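Under mature numbering (1 follows the signal peptide of the UniProt record, and there is no 0), read the sequence shown as residues -24 to -1, 1 to 143, first letter to last.
Let me begin by presenting the structure, written as structure tokens, before commenting on it.
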Amino acid sequence: MITRSRRSGRALAGLLAVAAVLLAGCGTSRPTVTFDVDGTSLTAAPTQFCDNRMENCSDEPNSRVTADVPPGTPIRITVPEEVSEGPWQVAYAFTRGDDPAPIEQRSDIATPGSRGEYTLILPSETDRLVTAQVQLFGAAPAIDPETEELEFPVRATWVLVGEQPAG
């Protein structure tokens, strides 16, 4: 005969085992990216992250990191193996002179396994960084049926926001 406390103990153990399995599946750590700005390393968690099939996506906009990036300062970006094993690039925006409109540009796409670092140097010594975003591509590119343009699905992003001086 099993007593009530023994049954509830088994039930609790069973629930804990199921919870551990579920948490193990959900708790997979997401890779981080390091932005090195003038000797200060900032570790960013992904602001967006999808699994390899572009399903099970999560958005964490508050995962971005922020830093004052003086004009002319190179930004060294280091990605872990989980990122460098896939195609990735750096999309960035900056302002020039007194024009507040950001200029957007992108690095070349790093092919899988080709590099784990990138140094972002803005085109002019006086340009001021607005954002730098590491983009890990997901599924193969496809043509958008409406625009007939080639689309590259972005699986994950890590973002550095450049603080703008008060003016």
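For glycine and all other residues, C-beta sits at the position ideal for the given N, C-alpha and C.
All values derive from a computational prediction rather than experimental measurement.
Counting of Cβ neighbours within 10 angstroms places Pro56 among the exposed residues, the total staying below 16. Sequence-distant Cβ neighbours of Val9 in its own chain, meaning closer than 6 Å and more than five residues away, are Ala20, Val55, Val110, Trp134.
Of all C-beta pairs linking the region 40 to 54 to the region 88 to 98, three or more are shorter than 8 Å, placing the two stretches in contact. A direct Cα-to-Cα measurement between Thr102 and Asp84 gives close to 23 Å. Relative to the Cα of Pro99, the nearest Cα in the group Val41, Tyr68, Glu36, Asp14 belongs to Tyr68. Beta-bridge analysis with DSSP links Leu112 to Trp64, Ala132.
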